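Single-structure report; data block below.
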Amino acid sequence: MTTLNADGSSKSKVLLTSILFMGLSHILYFKQYLKGALFALVEVLTLVLIPTFATKVYDMITLGEVDVTVPVMMRDNSIYMLIDGIMILAVIAILVSVYVISVRGALAEYSAFCARNGELNLKGSSLRSAVGKSFPIFGLAPAVLLIIFFVIVPLVFSAAVAFTNYSAPSHIPPSASVDWVGFENFKAMFGGESTWTGALGRVAIWTLIWGTLATLTCYAGGLIMAVVLNESKIKIKPVFRSIFILPYAVPAVVSMLVWKNLLNGSFGIVNRTLMELGLINNAIPWLSDVWLCRFVCVLVNLWAGFSYFMLLVMGNMTAISPDIYEAASIDGASKFYMFRKITLPLVLYQTTPLIIMSFTHNINNFGAIYFLTGGLPKVADSTITSAGGTDILVTWIYNLTVTLMKYNYASVLAIVIFVVMAPFAIWSFRRTKSYKEGEV
Amino acid sequence: MQKVSKVFTKILLWTFLIGTSLFVLYPLVYVVSAAFSPKQSIAQLSIVPFGDGFTLDRFKFLFNQTDYANWFKNTFIIAVSTTVLTVLVCALSAYVFSRFHFMLKKSMMMALLILQIFPSFVGMVAIYVILLRIDGLDTLWGLILVYLAGNIPYNCWMVKSYLDTIPKALDEAARIDGANHFRIFWTIILPIAKPIITFLAITSFTAPWMDFIFPKMVLRSSKMQTVALGLFSFVSDKKNYFTSFAAGSLIIAVPFIIFFVITQKMLITSLGGAAVKE
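From first to last, the protein sequence lines are chains A and B. Under the working numbering, the first residue of the first sequence carries the number 121, and numbering increases by one thereafter. Under the working numbering, the first residue of the second sequence carries the number 32, and numbering increases by one thereafter.
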């Protein structure tokens, strides 16, 4: 019973035992008692926990009922139920992976056994070798666990909320329950309720315009500064370079809040200075006129963001081999010609992926908008939707969550962002070296 | 004629550089002057920098009447712990991804990539509840966990791409000499990967100084707040302590500025390097 044929004919026997009970084949056939026992322990734990899993998943499907006669603390809390359910699903996924790993491990062990003509690999069963072999598992465990519980579970939760009615005023636990509503929220946002649809369209278009302008201005600004500094023969170049690095070194919270105060319409320094100088008679509504405010956002973002690209382009320029220039100058090329035909194309080529990355960063650039304008000025639908004239999708999500508690609509927006961003992420992924070399 | 055009270019260049410098320095000059001003709000400030005189009252106010010292300490603890843990976890996983072949590797790499496109605070309600469940609300370690987890996807990719460029022959030689995986990682891979590790350390150290959303959600009491939260409260709608805000900003911004200016050479090469390797 516990002996295997070395000609490969016992494969189904190994498969069957390992599927029957995790770790069984490791113990029975390969004398790997430690590994087998660990797998068996996982299986026992799983079996014990199955009733809990079932209740939690059932709760997630029903999301509970609120019995108003019960004290608040004792009532079903739909949100806890939903999060618990998702966490349990994550745990189940982990257990299934362990199961698959144990079965595949047993099969791999068997083929090694056949290859050795039926010799048991007893050396491989020692603790030290087991630890060595499972190094990938121990190495990845912290990262995987953290990502599952602090990144994936929250994201799945917020995606799930898009299909519920979790929102103020009438569906906030624990005083009321939350229910699954299917695609109701999507319908409301995409045509069902004209105020919300209008706001969504307005904010989405501004988000795209903002992302594009913010990226292009910063890139162009950084490129120009890097080129001017690199090509000019000024002695105090390092001084200027240090000045231009400053915005990158100042925390965004600080620089945006400073600009907000400087540009304040009534008491801001900018307006007061312009008035003292006699350049204007009335205060300029920097942050209270919708279009002017949007322009200011792009301009201030240029202030804050060009340094990063300047550093990047400088870095790329130093990486270009001097041999190329030498060869070009032997051929009699002028400085300007070399710049146009060598430096610029190479830098552009190297930094294109970073333009995409910066675009996705700006689409999600919470700080640049929230600290500078707070999404203001108000527009026609702001009172109902809480979306101001300069709000981009992420700041709107923040307002919906924190001020209006319309979690369901906020989740729909998060899904919209995902749909917009996913193609860019996949595109930049396919450009990476490891993908091209077929490693992943 | 040639000489005239040369002089003209020179004037143009200097005008451009000085003009841009003024634009860059403009808000910063007001921060510095406000930090030493005896006035309280921005409305009272003179439009001429340092036009109100010079006093250290703002700094005394910060340390005597607000929790600024505490906020600073909290932010520092968060930044240091996040940095150390991020470097360890990301480098270790990147090493595994770069050197081992195992089941689910491909799907895990893909998942990391997809995860990095979400703005991390999309799941903030869930993170709040999870922290509530494990007693992590209003604690620094709760916030550190959130930052650490959020840092992993992108940085794991970044470090992995770098490690892929280190020849595998190096660790194979060590393996023949009997070193185990952890030893190879610790004594061979980590030292070689120093440039990317330094870059990772800098970015994960500076990020918590500027973040706002997660501290606001996790840290509820005034004693537990971070610098960004505290500074924001000085210039939020109800108060206008612009000069105290400026003083507080100066204290955190100046070390950063000094650091960045000193390390600009290294910064330029590592940014350029990161771009090439991506």
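Heads up, the beta-carbon is just placed ideally off N, CA and C, and yes, glycines get one too. Computed from a predicted model, the values in this text were never measured in an experiment.
CA-to-CA, the gap between A180 of chain B and V118 of chain B works out to about 12 angstroms.
Pairwise C-beta distances place the segment 244-259 of chain B out of contact with the segment 58-77 of chain B, as fewer than three of them are shorter than 8 angstroms. Taking I272 of chain A as the centre and dropping the five residues before and after it, the same chain places the C-beta of A210 closer than 8 angstroms to its C-beta, in chain order. Contact annotation, L221 of chain B with A122 of chain B: C-beta distance approximately 6 angstroms; criterion of less than 8 angstroms satisfied. Out of A:F491, A:E351 and A:W516, the CA that lies nearest to the CA of T40 of chain B is found in A:E351. DSSP, reduced to helix, strand and coil, places T284 of chain A within a strand of the structure shown. Within the same chain, and ignoring the five residues on either side of K498 of chain A in sequence, the residues whose Cβ sits closer than 8 angstroms to its Cβ are G508 and G509.
Residues of chain B with a Cβ closer than 7 angstroms to the Cβ of E396 of chain A are, in chain order, I78. Closest by C-alpha distance to F150 of chain A, out of A:A280, A:F233 and A:A542, is A:F233. What P198 of chain B touches in chain A, judged by beta-carbon distance under 9 angstroms, is nothing: the nearest beta carbon there is about 15 angstroms away.
Taking a cut-off of 8 angstroms for Cβ pairs, the segment 340-358 of chain A and the segment 224-241 of chain B do not touch, as fewer than three such pairs fall below it.
Using a Cβ-Cβ cut-off of 8 angstroms, S278 of chain A counts as an interface residue toward chain B, since at least one Cβ of chain B sits closer than that to its own. Distances from the CA of I483 of chain A to each of B:I223, B:F149 and B:K91 were compared; the closest alpha carbon is that of B:F149. Spatial neighbours of D88 of chain B in its own chain (CB-CB distance under 8 angstroms, excluding positions within 5 residues in sequence) are listed in chain order as P69. For S267 of chain B, there is no enclosing alpha helix (DSSP H), since its DSSP letter is neither H nor E. The beta carbons of T471 of chain A and N436 of chain A sit about 6 angstroms from each other, so the pair counts as a contact at 8 angstroms. When the beta-carbon positions are compared, I212 of chain A and F173 of chain A come within less than 8 angstroms of each other.
Chain A places a beta carbon closer than 8 angstroms to that of M241 of chain B, counting this residue as a contact.
Contact between Q147 of chain B and Y185 of chain B holds: CB atoms are separated by about 4 angstroms, below the 8 angstroms threshold.
Taking a Cβ-Cβ threshold of 9 angstroms, the residues of chain A close to L146 of chain B are I267, V271, I272 and L275, in chain order. Identification of chain A residues near Y99 of chain B by a Cβ-Cβ cut-off of 8 angstroms yields none; the smallest Cβ-Cβ distance measures about 14 angstroms. Contact with chain B is absent for I504 of chain A, since none of that chain's Cβ atoms lies less than 8 angstroms from the residue's Cβ.
Taking all protein chains shown into account, K155 of chain A has 16 or more neighbouring C-beta atoms within 10 Å of its C-beta and is therefore buried.
Beyond the five residues adjoining it in sequence on each side, I183 of chain B comes within less than 8 angstroms, by CB distance, of T117, V120, C121, S124 and L143 in the same chain, given in chain order. Across the segment 433-450 of chain A, CB contacts with chain B closer than 9 angstroms involve V433, M434, G435, N436, M437, T438 and A439, in sequence order along the chain. For W406 of chain A, the three-state secondary structure derived from DSSP is coil.
Of all C-beta pairs linking the segment 362-381 of chain A to the segment 43-61 of chain B, three or more are shorter than 8 angstroms, placing the two stretches in contact. Contact annotation, V540 of chain A with N305 of chain A: C-beta distance approximately 18 angstroms; criterion of less than 8 angstroms not satisfied. According to the DSSP assignment, L320 of chain A belongs to the alpha helix (DSSP H) that extends over S314 to E351. Between R195 of chain A and D187 of chain A, the CB-CB gap stays under 8 angstroms.
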